[in-house]
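For any residue, its number in my numbering is found by taking its place in the sequence shown, counting from 1, and adding 1007.
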Amino acid sequence: MVRALILLIVLGVVGLGVFELGNRAWTGPGPSNRDLTILIAAHTSVHAVARDLQTLGAVRNALVFEGELHLRGGAVKAGEYALPAHASMADIAGILASGKSIQHKLTAAEGLTSGMIYKLVVDDPVLVGDAGPEPAEGTLLPETYLFTRGTSRAEIIARMQKAQQKFLSEAWAGRVDGLPLASPPQAMVLASIVEKETALPEERRHIAAVFVNRLKAGMKLQSDPTIIYGITKGYPLGRGIRESEIQAQTPYNTYAITGLPPTPICNPGKDAISAVLRPDDSSDLYFVANGQGGHVFSTTMAEHLRNVAAWRQVEKSRFDLAQPMPAAPDIVRQPAPHKALLKRRHAR
């Protein structure tokens, strides 16, 4: 009887010791001194996960991790997980059970063409599968899209299209009365032009008002970016627009055609879409660069011509400052190019 009692006590002490050792192993700092990433495919066994963790150096012993996980009723979920340096087995088990996979992101900036965004999707190393056909111009909503590893390229494209359709539908429903736009696709065409005309958010509704006023009056839009799109499909021209290009009878030359070009010239962002559907209350018909990154607006041609003359003086001053210094003939300084060559030649 005494022997049995002593044996029970010994076994109890040993058991407590083992339990304490296991608990320390479970909660103590892990062996890795750097952050790690593990990808767990669907239907992967705990045994395989434990083995991968040991191979990565996240745990010292796969069998101990697997055994402790079973004893504690833990589980792992498929996904891609970030494991911080020195994470304990308990920490790792919690991360793998959370299902909170690493979120990757792809940013489609406002003003990119569908071809440019499509290339970003195709070239992304985390996305999988074929992207499908290149989307039509102006059918994607520029935003930052989060996704987990294993997401397909076609799925991201579909999300961009769905997001654009949803936003455009809501914005179209809230448009002001009297717009010279017959349909949401026409709104997208005009929004794409507004997007490319200014980088200043505070100007978009004003520039939209100018183009809306021109459409109502039957005036040509005379937008430089439309000509550039017709030549390069949205990529930088790398030079000034030529007189022959201004005179060319092409579908995207809004110096030659009346009304809107046949398609958007980029994928406009939410602000540009909202701007054309709720433009400023303005009677302005003209705008020209102000030399400070924005534009100056006017209602009459006479006022506009004065603004154009002022802009030409700014350009002339920049050109003079950019000339080579006489004392250093080996230094070549080129005049800074400006996108709106047309605005120097043609009153808008």
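C-beta atoms are modelled at their ideal positions from N, C-alpha and C, and glycine is treated no differently.
Source: prediction; values computed, not measured.
- Message: Does the distance between the C-beta of Arg1058 and the nearest non-hydrogen atom of the ligand GDP fall short of 6 Å?
- Response: The ligand GDP is absent from the structure shown, which contains no ligands of any kind.
- Query: With 16 as the cutoff for other CB atoms within 10 Å, does Lys1203 come out buried or exposed?
  - Reply: Counting other Cβ atoms within 10 Å of its Cβ, Lys1203 reaches 16 or more and is therefore classed as buried.
- Message: Measuring straight from C-alpha to C-alpha, what distance separates Arg1067 and Glu1144?
- Response: Arg1067 and Glu1144 have their alpha carbons spaced roughly 54 Å apart.
- Leu1153 by DSSP, collapsed to three states: which one? Here Leu1153 sits in strand by DSSP.
- If we count Cβ pairs, one from each stretch, closer than 8 Å, do we get three or more for the segment 1294-1312 versus the segment 1208-1227? As far as the Cβ criterion goes, the segment 1294-1312 touches the segment 1208-1227, which means the pair count is three or higher.
- Is the Cβ-Cβ distance between Ala1115 and Ile1124 less than 7 Å? Yes. Within cutoff.
- Task: Give the range of the beta strand (DSSP E) segment to which Ser1121 is assigned.
- Result: Careful: Ser1121 lies outside any beta strand (DSSP E), inside the alpha helix (DSSP H) at 1121-1130.
- Which of the three DSSP states, helix, strand or coil, is assigned to Val1196? Correct three-state label for Val1196: helix.
- Can the beta-carbon of Thr1034 be found closer than 7 Å to that of Ser1108? Against a cut-off of 7 Å, the Cβ pair of Ser1108 and Thr1034 comes out as no contact.
- Task: Please say whether Ala1094 and Asn1040 have beta carbons closer to each other than 7 Å?
- Result: Not in contact: Asn1040 and Ala1094 (Cβ atoms no closer than 7 Å).
- Glu1087 in three-state terms, based on DSSP: In the structure shown, Glu1087 falls within a strand segment according to DSSP collapsed to helix, strand and coil.
- Who pairs with Leu1046 in a beta bridge, going by DSSP? Answer is Glu1087, bridged to Leu1046.
- Task: Could you pull out every residue in the same chain whose Cβ sits closer than 6 Å to the Cβ of Leu1153, ignoring the five residues on either side in sequence?
- Result: So the qualifying residues of the chain are Gln1110, Lys1112.
- May I have the straight-line CA-CA distance separating Leu1228 from Ile1253, to the nearest angstrom? Cα to Cα, the separation comes out at about 13 Å.
- Query: Do the segment 1219-1238 and the segment 1256-1264 meet, that is, are 3 or more Cβ pairs less than 8 Å apart?
  - Reply: Yes, the segment 1219-1238 is in contact with the segment 1256-1264.
- Message: Between the segment 1303-1315 and the segment 1233-1253, can you find at least three pairs of beta-carbon atoms closer than 8 Å?
- Response: Contact fails: fewer than three Cβ-Cβ distances are below 8 Å.
- Message: Only counting the same chain, and skipping five residues up and downstream in sequence, which positions put a Cβ closer than 6 Å to that of Thr1151?
- Response: Excluding the 5 residues flanking it on each side, Thr1151 has same chain C-beta neighbours closer than 6 Å at Lys1112, Thr1114, in chain order.
- Item | Backbone secondary structure at Ala1263 - three-state DSSP | Here Ala1263 sits in coil by DSSP.
- Task: Look at Ser1105 and Ala1216 and say whether their C-beta atoms are less than 7 Å apart.
- Result: Result no, Cβ atoms of Ser1105 and Ala1216 do not sit closer than 7 Å.
- Query: Ends of the alpha helix (DSSP H) at Tyr1293?
  - Reply: From DSSP, Tyr1293 is part of no alpha helix (DSSP H) but of the beta strand (DSSP E) over 1293-1296.
- Message: Considering only DSSP beta bridges, list what Lys1112 is partnered with.
- Response: Its beta-bridge partners are Leu1153.
- Message: Which of the three DSSP states is assigned to His1302 in this structure?
- Response: Reduced to three states, the DSSP call for His1302 is strand.
- Give the straight-line distance between the Cα atoms of Arg1058 and Gly1081, rounded to the nearest whole angstrom. Cα-Cα distance, rounded: 16 Å.
- Item | Where Gln1171 falls, given that 16 or more other Cβ within 10 Å makes a residue buried | Counting Cβ neighbours within 10 Å, Gln1171 comes out buried, since at least 16 surround it.
- Query: With 16 other CB atoms within 10 Å as the buried threshold, where does Arg1401 fall?
  - Reply: No information on residue 1401 is available, as it lies outside the stretch 1008 to 1355 that the chain covers here.
- Residues bridged to Val1053 by DSSP? The partner list for Val1053 (beta bridge, DSSP) is empty, contrary to what the question assumes.
- Query: Contact check, Arg1182 vs Leu1267 under 8 Å by CB: the rounded distance?
  - Reply: Contact between Arg1182 and Leu1267 does not hold, since their C-beta atoms are separated by about 16 Å, which reaches or exceeds 8 Å.
- Query: When you compare only the Cα positions, how much space is there between Leu1147 and Thr1051?
  - Reply: Looking at the backbone, the Cα of Leu1147 and that of Thr1051 are separated by about 36 Å.
- Query: At what residues does the alpha helix (DSSP H) containing Arg1212 begin and finish?
  - Reply: That run of the alpha helix (DSSP H) goes 1211-1224.
- Item | Strand pairing of Val1133, partner residues [DSSP] | According to DSSP, residue pairing for Val1133 in a beta bridge does not occur.
- Message: Between which two residues does the alpha helix (DSSP H) holding Val1071 run?
- Response: Counting along the chain, the alpha helix (DSSP H) containing Val1071 begins and ends at 1069-1078.
- Task: Pick out whichever of Ala1165, Pro1191, Thr1120, Leu1188 has its Cα sitting closest to the Cα of Tyr1242.
- Result: Taking only the C-alpha atoms, the option nearest Tyr1242 is Thr1120.
- Minimum C-alpha distance to Ile1280 - residue among Leu1175, Leu1127, Ser1159: Restricting attention to Leu1175, Leu1127, Ser1159, the CA atom closest to the CA of Ile1280 is found in Leu1175.
- Query: Nearest-angstrom Cα distance between Lys1223 and Asp1184?
  - Reply: Between the C-alpha atoms of Lys1223 and Asp1184 there is a straight-line separation of about 13 Å.
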